[in-house]
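Peer 1: Residue numbers (the numbering used here): 112 to 397. Each residue gets a CB set at the ideal place from its N, CA and C atoms; glycine is no exception. As the structure is a prediction and not an experimental result, all values here were calculated from the model.
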């Protein structure tokens, strides 16, 4: 399976786009103004491959690839597990202490770029925190982390390659699927799924109604898109089942989601705010 993934990835690499990439820019500058660097970024192309940091335009909006992505259309939404970060202005600001950031905000910190996973203030960007570092999650030559004796001993497991995704989950995804779109979707969902582990372990001190509601809505989106995928690939497993793969993790998922639900005032229709759209996966569902 791994060899098959390498071959597919190498063939697809030939179509890699030549978009501006934020990691090729001046790493010493405080803020990154994308219009100063290149006023006219290339239009998104369904047949091109984009890697983390590539900038494109689509429907008069700017988007940055959150990780390796191909054939998934950028849309104006906050969840980034579809592979794209929607930029609501052209400047990526340097992270500032005492400034409030909303989930989906992109900042520069040092030479790296981070995406806010939820509302936070005074939380310095770092891997495995309220921030997710932007980097590729699909590799041309997957060198998957080897099994570790502590992979299943704790809720967090082990992350030997420090990419923000639990090693046992990452190995399972690459070994189970050979479709780049399915791999991208499964790995991209990990950030949202980890949020419930963070809730259970008390890592979100400012957990409130808005954060709780967004987490639940993101879970609804993941489940909805999974159902759409399963119409074409009946054997595709819901990322939630793959992620919460021990009794302790499944129990933590249940408790944390109940805690998030308890924050939400009774509203039968709040779930209608979910995107409930899987146009991002049209190619893989054909």
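Starting from the N-terminal side, write out each stretch of the alpha helix (DSSP H) that is 4 residues or longer and does not extend beyond the segment 287-372.
Peer 2: 291-299, 301-311, 320-343 and 350-354
Peer 1: Determine the extent of the beta strand (DSSP E) in which residue 172 is found, giving its start and end residues.
Peer 2: Note, residue 172: beta strand (DSSP E), 172-176.
Peer 1: Would you mind working out which of 195, 271, 221 and 157 sits nearest residue 165, comparing C-alpha positions?
Peer 2: Of the candidates 195, 271, 221 and 157, the one whose C-alpha sits nearest the C-alpha of residue 165 is 195.
Peer 1: For the segment 185-222, list the beta strand (DSSP E) runs that are entirely contained and at least 3 residues long, ordered along the chain.
Peer 2: Runs of beta strand (DSSP E) with 3 or more residues, each lying fully within the segment 185-222, are found at 195-198 and 217-220, listed in chain order.
Peer 1: For residue 300 versus residue 256, is the C-beta spacing smaller than 7 Å?
Peer 2: no
Peer 1: Would you call residue 202 buried or exposed, if buried means 16 or more other Cβ atoms sit within 10 Å of its Cβ?
Peer 2: exposed
Peer 1: Quick check on this structure: which residue in 173, 312 and 345 has the alpha carbon closest to the alpha carbon of residue 368?
Peer 2: 312
Peer 1: Taking its Cβ as the centre, do 16 or more other Cβ atoms sit within 10 Å of residue 323, making it buried, or is it exposed?
Peer 2: buried
Peer 1: For a quick check, are the C-beta atoms of residue 306 and residue 326 less than 7 Å apart?
Peer 2: yes
Peer 1: Quick check on the burial criterion: 16 or more other C-beta atoms within 10 angstroms. Buried or exposed for residue 291?
Peer 2: buried
Peer 1: By DSSP, does residue 180 sit in helix, in strand, or in coil?
Peer 2: strand
Peer 1: Do residue 167 and residue 179 count as a contact pair if the criterion is CB distance below 7 Å?
Peer 2: no
Peer 1: How many whole angstroms separate the CB atoms of residue 269 and residue 320, which I take to be in contact at a CB cut-off of 8 Å?
Peer 2: With 8 Å as the limit, residue 269 and residue 320 do not qualify as a contact, their Cβ atoms being about 33 Å apart.
Peer 1: Could you give the distance in angstroms between the alpha-carbon of residue 334 and the alpha-carbon of residue 271?
Peer 2: 28 Å
Peer 1: Go ahead and label residue 152 buried or exposed: buried means 16 or more other beta carbons lie within 10 angstroms of its beta carbon, across all protein chains shown.
Peer 2: buried
Peer 1: Would you kindly work out how many angstroms separate the C-alpha atoms of residue 295 and residue 161, rounded to a whole number?
Peer 2: 12 Å
Peer 1: Using 8 Å for Cβ pairs, my map puts residue 236 next to residue 218. What's the rounded Cβ distance?
Peer 2: 6 Å
Peer 1: Reducing DSSP to helix, strand and coil, say where residue 146 ends up.
Peer 2: helix
Peer 1: Using 7 Å as the limit for Cβ to Cβ distance, is residue 130 near chain B?
Peer 2: No chain B appears in the structure shown, which is made up of a single protein chain.
Peer 1: Here's the rule: buried if 16 or more other CB atoms are within 10 angstroms of the residue's CB, otherwise exposed. What is residue 345?
Peer 2: exposed
Peer 1: Just verifying my parser: in three-state terms, what is the DSSP assignment at residue 244?
Peer 2: strand
Peer 1: What's the gap between the Cα of residue 246 and the Cα of residue 222?
Peer 2: 12 Å
Peer 1: Among the residues of its own chain, which have a CB less than 7 Å from the CB of residue 310, if the five just before and after it don't count?
Peer 2: Short of 7 Å from the beta carbon of residue 310, and not among the five residues preceding or following it, lie these beta carbons of its own chain, in chain order: 318, 367, 370 and 371.
Peer 1: CB residue 243 to CB residue 226, shorter than 7 Å?
Peer 2: yes
Peer 1: Alpha carbon to alpha carbon, how far is residue 216 from residue 239?
Peer 2: 16 Å
Peer 1: Is residue 229 helix, strand or coil by DSSP?
Peer 2: Reduced to three states, the DSSP call for residue 229 is coil.
Peer 1: I'd like the span of the beta strand (DSSP E) that includes residue 168, first residue to last.
Peer 2: 166-169
Peer 1: Would you tell me roughly how many angstroms separate the C-alpha atoms of residue 204 and residue 133, rounded to the nearest one?
Peer 2: 13 Å
Peer 1: Beta-carbon within less than 8 Å of residue 200's beta-carbon, same chain only, minus the 5 sequence neighbours each way: which residues are those?
Peer 2: none
Peer 1: Select from 329, 315 and 347 the residue whose C-alpha is nearest the C-alpha of residue 285.
Peer 2: 347
Peer 1: State the Cα-Cα distance for the pair residue 157 and residue 175, rounded to the nearest angstrom.
Peer 2: 15 Å
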